[in-house]
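Trainee: The structure follows.
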Amino acid sequence: MAVVNTELTARLVDAAAAILVCDGPGGLSLRKVAAAAGVSTMPVYTLFGDKQGLLDAMHREGFRRLGLALAAVPRTDEPLADLAALGLAYREAALASPHLYGLMFTGGFGHTEAAEATYRPLVDAVARCQADGVFDGTDPEPIALHLWALAHGLVSLELAGKVSGESYAEQLGYAALAFLRR
219 MAVVNTELTA RLVDAAAAIL VCDGPGGLSL RKVAAAAGVS TMPVYTLFGD KQGLLDAMHR
279 EGFRRLGLAL AAVPRTDEPL ADLAALGLAY REAALASPHL YGLMFTGGFG HTEAAEATYR
339 PLVDAVARCQ ADGVFDGTDP EPIALHLWAL AHGLVSLELA GKVSGESYAE QLGYAALAFL
399 RR
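Numbering (the numbering used here), first residue to last: 219 to 400.
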């Protein structure tokens, strides 16, 4: 079922994500989502159809938000700085929607094009770094995968409370990309 992207849809998706984190999959119901968002159940059923439709919408919305954050990173004449900025934008998007972030990387969703669209800017940024002589090689995919693993790992650790805040992320994590220059 196609979900129209509206303020109500975003509010319902955020309410559902918060319930999912607090109560787990068994605690998520369309009635709870409606109550948490302060609406009747009718718009929830109209927008999503059923629980799986809601979960699918949550998954898509998480990647949509991530895609917007990555697209907002300006492209400069400094490919490595742009790459680090993508890492920071990735982090900011995850911290802005932590409930959706956790859902985005679980199995059972067929929206690979949504995920792929958010991965392409990283691959493109690595290719720009290769063209600038920052990284060796002609295939940006392996480097992009490693950098994504770094960003995803740091964000996941931060969200789990295992590392603390911006100073760690900026000084030891994403900004550490500057040390990769040959």
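Cβ coordinates follow ideal geometry from the N, Cα and C atoms, glycine included.
Tell me which same chain residues have a C-beta within less than 6 angstroms of the C-beta of A220, skipping the five on either side of it?
Mentor: Here residue 220 refers to the residue found at position 2 of the sequence shown. Reliability of the predicted coordinates at A220 is poor, the pLDDT of 47 falling under 50, and no value is obtained from them.
Trainee: Could you name the residues of the same chain whose beta carbon sits closer than 6 angstroms to that of A369, not counting the 5 residues immediately before and after it, in chain order?
Mentor: Along the sequence shown, read from residue 1 onward, the residue named residue 369 stands at position 151. Once the five neighbours on either side are set aside, the close Cβ partners of A369 are G305 and Y308.
Trainee: Could you name each continuous alpha helix (DSSP H) segment of 4 residues or more that falls completely within the segment 225-283, going from the start of the chain to the end?
Mentor: 225-241, 248-255 and 259-266
Trainee: Quick one: grab the DSSP three-state call for A367.
Mentor: Counting from 1 along the sequence shown, the entry for residue 367 is found at position 149. It is helical.
Trainee: Where does R293 fall in DSSP's three states?
Mentor: Translated into positions along the sequence shown, residue 293 becomes position 75. In this structure, R293 counts as coil in the three-state DSSP scheme.
Trainee: If you reduce the DSSP assignment to three classes, tell me which class R399 lands in.
Mentor: For the purposes of this step, residue 399 is taken as residue 181 along the sequence shown, with counting starting at 1. Here R399 scores only 46 on pLDDT, less than 50, and its place in the model should not be relied on; the value that follows carries that caveat. Coil at R399, not helix or strand.
Trainee: Hey, out of S247, Q348 and E376, whose CA is closest to L298's CA?
Mentor: One-based indexing of the sequence shown puts residue 298 at position 80. The residue with the shortest Cα to Cα distance from L298 is Q348.
Trainee: Going by beta-carbon coordinates alone, are H317 and A235 separated by less than 8 angstroms?
Mentor: Stepping through the sequence shown from its first residue, residue 317 is reached at position 99. Stepping through the sequence shown from its first residue, residue 235 is reached at position 17. In contact: H317 and A235 (Cβ atoms closer than 8 angstroms).
Trainee: For the segment 226-233 and the segment 263-275, state whether three or more C-beta atom pairs, one from each stretch, are separated by less than 8 angstroms.
Mentor: yes
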